[in-house]
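Trainee:
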Amino acid sequence: MSITIDGPAGAGKSTIAKIIAKVKKLTYIDTGAMYRAVTLKFIQNFVDTKDAQQIEALLADIRIELIGDDIYLNGTNVTEEIRSPEVNQLVSEVAKLSPVRKKMVEFQRTIAAAQNVVMDGRDIGTFVLPDAAYKFFLTASIDERARRRFEEQRRKGFTTSLEDVKSEISNRDRIDTERELAPLIQAEDAILIDTTGLSIEKVVDKILSYIQ
Ligand code: CDP
Ligand code: CDP
678 MSITIDGPAG AGKSTIAKII AKVKKLTYID TGAMYRAVTL KFIQNFVDTK DAQQIEALLA
738 DIRIELIGDD IYLNGTNVTE EIRSPEVNQL VSEVAKLSPV RKKMVEFQRT IAAAQNVVMD
798 GRDIGTFVLP DAAYKFFLTA SIDERARRRF EEQRRKGFTT SLEDVKSEIS NRDRIDTERE
858 LAPLIQAEDA ILIDTTGLSI EKVVDKILSY IQ
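Numbering (this note's numbering), first residue to last: 678 to 889.
1) For residue 813, which beta-bridge partners are listed by DSSP?
2) By DSSP's criteria, residue 890 is part of a beta bridge. Which residues make up the other side?
3) Does ligand 1 have a heavy atom nearer than 6 Å to the CB of residue 867?
4) Just verifying my parser: in three-state terms, what is the DSSP assignment at residue 862?
5) From residue 808 to residue 784, what distance separates their C-alpha atoms?
6) Could you check if residue 830 is buried or exposed, using at least 16 other CB atoms within 10 Å of its CB as the buried criterion?
7) Just curious, the alpha helix (DSSP H) that residue 708 is in, first and last residue?
8) Return the Cβ separation of residue 641 and residue 691 in integer angstroms, given the expectation that the two are a contact with Cβ distance under 8 Å.
9) Quick check on the DSSP output: the beta strand (DSSP E) that includes residue 797 runs from which residue to which?
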């Protein structure tokens, strides 16, 4: 039994997915973290997103591992670094690239073939695991999503403004929705949950009420 949770930035996907995974004793897989790790490597290696050869070379040399709540890029723990403003700015451009998606989707399907997972992202219910037992699409108003992300970044000590956070996530949502390959869209058979004004506990209860 696998569960997919898709939706735009700040909808609460990873927070909720982690709790559901714990309650249901499934493995949580954060696919956004994978695209973020690839993006970090683009930044570290000064790779041009328009240079096919450079992209192929980067992908041939990349090793991503998920260990507990941490993510490793070629052996280095990059859990904190992948949430940086630089990665936020570039990740949706990198996630548009066909060879990047091909490699990540292959990796995600291999993980899901070996165990039952709660996997969150943008295209999990529509493309990565179309036969998943339960599919959810979480959303919330842009103001609430921006406010949640802003509070989170403030807690972490980043000094961004609410307006900047709002424009950054709106920009990513637009690129993710408009891209050609596996865009962000609710799967036809996914259950839509608008989490605006809902606590984390309420959303968890709602999801659990659908799962036997
Ligand atoms: O946590 P947040 O919602 O801000 O983003 P994330 O889940 O970490 O995903 C970062 C970015 O990776 C998204 O904005 C997408 O561009 C990309 N992504 C994707 O294309 N497909 C996925 N399955 C997951 C993430
Ligand atoms: O993964 P995604 O980008 O969809 O969102 P998240 O990282 O799980 O949630 C963003 C922030 O919103 C976190 O700080 C959560 O604690 C918070 N949150 C909330 O306040 N209320 C909810 N119903 C869900 C998440």
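A virtual CB, placed ideally from N, CA and C, is assigned to each residue, including glycine.
A quick note: this is a predicted structure, and the numbers were derived from the prediction, not measured.
Mentor: Put simply:
1) In the DSSP output, where bridge partners are listed per residue, residue 813 has 682 and 868.
2) Residue 890 falls outside the range modelled here, since the chain spans only 678 to 889, and no answer is possible.
3) Because no heavy atom of ligand 1 lies under 6 Å away, the Cβ of residue 867 does not count as near it: no.
4) In the three-state scheme derived from DSSP, where H, G and I count as helix and E and B as strand, residue 862 is classed as coil.
5) Residue 808 and residue 784: Cα-Cα distance of roughly 17 Å.
6) It counts as buried.
7) Residues 708–721.
8) Given a span of 678 to 889 for the chain in the structure shown, any question on residue 641 remains unanswerable.
9) From DSSP, the beta strand (DSSP E) with residue 797 extends over 794–798.
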